[in-house]
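Some notes on the structure that comes next.
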Amino acid sequence: MQPCPECGYADNRDGALTCNLCGRILRRERSPRPEAEAPPPRRAREDKERIPYVTELTPHPPVPPPPKPRAIPEGVLPAVVFGPLIALGILWAAHGMYVDFAEAERTNGPVQGNAVMVLLYMIGGKWLPTSLLAIVGLAFALVGVAGAFELVRFYLRVGPYRAGALERSIEDAPDDAE
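Sequential numbering of the sequence shown, starting at 1, is according to this note's numbering.
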């Protein structure tokens, strides 16, 4: 028999959880733990072995440096800028020239044209017999535009080889003073 520590009742059974008189908890009930399964056998630690990195297996090729910007060859910028400007100037000069179109036939006289009309009549319009200056102006305009494109093509082809040619020729030139 187990006595109760609070009320002193002595008729409690030896394995009692609570006192029969006051209800005090004498012993907490614990469910038996189930037997834990044995952990699975582990492999040896792999972190002690050296794991090679991917970069060690297949190294990356070196990164090539970015290409150096090429300088604009001499003469390309003036050809690109001034060639079309010259051609537009000639076309603008043709603005004051006379072109024959339907309105001119209705009014029985030449009508002053502009650059757009000059281009339209260049494609297939009918010129007045007295507008020789307009034809010459358009010829100059076509030559100016074609010349600008030729200059650009020439300097793009030859320009990279000419870059630094003056410096090389000065360094490689024989001394005449000797």
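Every residue gets a Cβ at the ideal spot worked out from N, C-alpha and C, and that includes glycine. These numbers were taken from a predicted model, which means no experiment stands behind them.
- Straight across, the Cα-Cα distance linking R27 with T18 is about 7 Å.
- In this model, A16 and P5 are separated by some 13 Å (Cα to Cα).
- Restricting attention to P40, A38, R33, P3, the CA atom closest to the CA of L21 is found in P3.
- By DSSP's assignment, N20 forms no beta bridge with any residue.
- Under a 10 Å Cβ-count criterion, G8 is classified as exposed, with fewer than 16 other Cβ atoms of the shown protein chains found around its own Cβ.
- In this structure, the straight-line span from the alpha carbon of P61 to that of F149 is close to 42 Å.
- By the Cβ neighbour-count rule, G144 is buried, with 16 or more other Cβ atoms within 10 Å of its own.
- Linking R13 to E35 through their CA atoms gives a straight-line distance of about 29 Å.
- One alpha carbon belongs to G23, the other to D11, and they sit about 13 Å apart.
- A38 and I25 have their C-alpha atoms roughly 35 Å apart.
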